[in-house]
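Comments concern the structure below.
In the working numbering, the protein residues as written are 305 to 442.
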């Protein structure tokens, strides 16, 4: 679930998340999804010099925690805007967060926040497609 960071960057326990996210290791990943109109840019840290699995997971999380800008919101048609708002209120209820918090990019996903993986996009070794799914009903 994309509601929590994958790893605290200050911890020594990495559980393999410090390994390269790609083979061969690269210093940039551009992640896109049919669910969002922007790309998520993941850059390598100077040390170790490649994008790690933790960089990818944390980068996706961080990007989806950003507030939606007014211009992004205005591009939504009326039906999509209502769906994003509904996702926002569900998230606020689940997180017990105050309702003054802005609509975030994760709300754009309308509840599809389960990480299902990444798939390389075409021949560009830096381009990746983010696969997200619905949470299981309990």
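Cβ atoms here follow ideal geometry from the backbone N, Cα and C, with glycine treated the same way.
As the structure is a prediction and not an experimental result, all values here were calculated from the model.
Take the alpha-carbon of residue 389 and the one of residue 346: they are about 27 Å apart. Each of 359, 419 and 330 was checked against the Cα of residue 320, and the nearest Cα belongs to 359. The closest CA to that of residue 387, considering only 324, 413 and 329, is found on 413. Boundaries of the beta strand (DSSP E) harbouring residue 435: 431-437, taken from the DSSP string. Sorting 343, 383 and 332 by C-alpha distance to the C-alpha of residue 350 places 332 at the top. For residue 335, the secondary structure class from DSSP, reduced to helix, strand or coil, is strand. By the neighbour-count definition (other C-beta atoms within 10 Å, threshold 16), residue 436 is a buried residue. Between the beta-carbon of residue 432 and that of residue 335 there is about 5 Å, and that keeps the pair under the 8 Å contact cut.
Spatial neighbours of residue 372 in its own chain (CB-CB distance under 8 Å, excluding positions within 5 residues in sequence) are listed in chain order as 388, 406, 407, 408, 409, 411 and 412. As DSSP reads the structure, residue 356 sits in a beta bridge with 324.
Close CB contacts of residue 330 within its chain, under the 7 Å cut and outside five residues either way in sequence, are with 354, 355, 429 and 430 (chain order).
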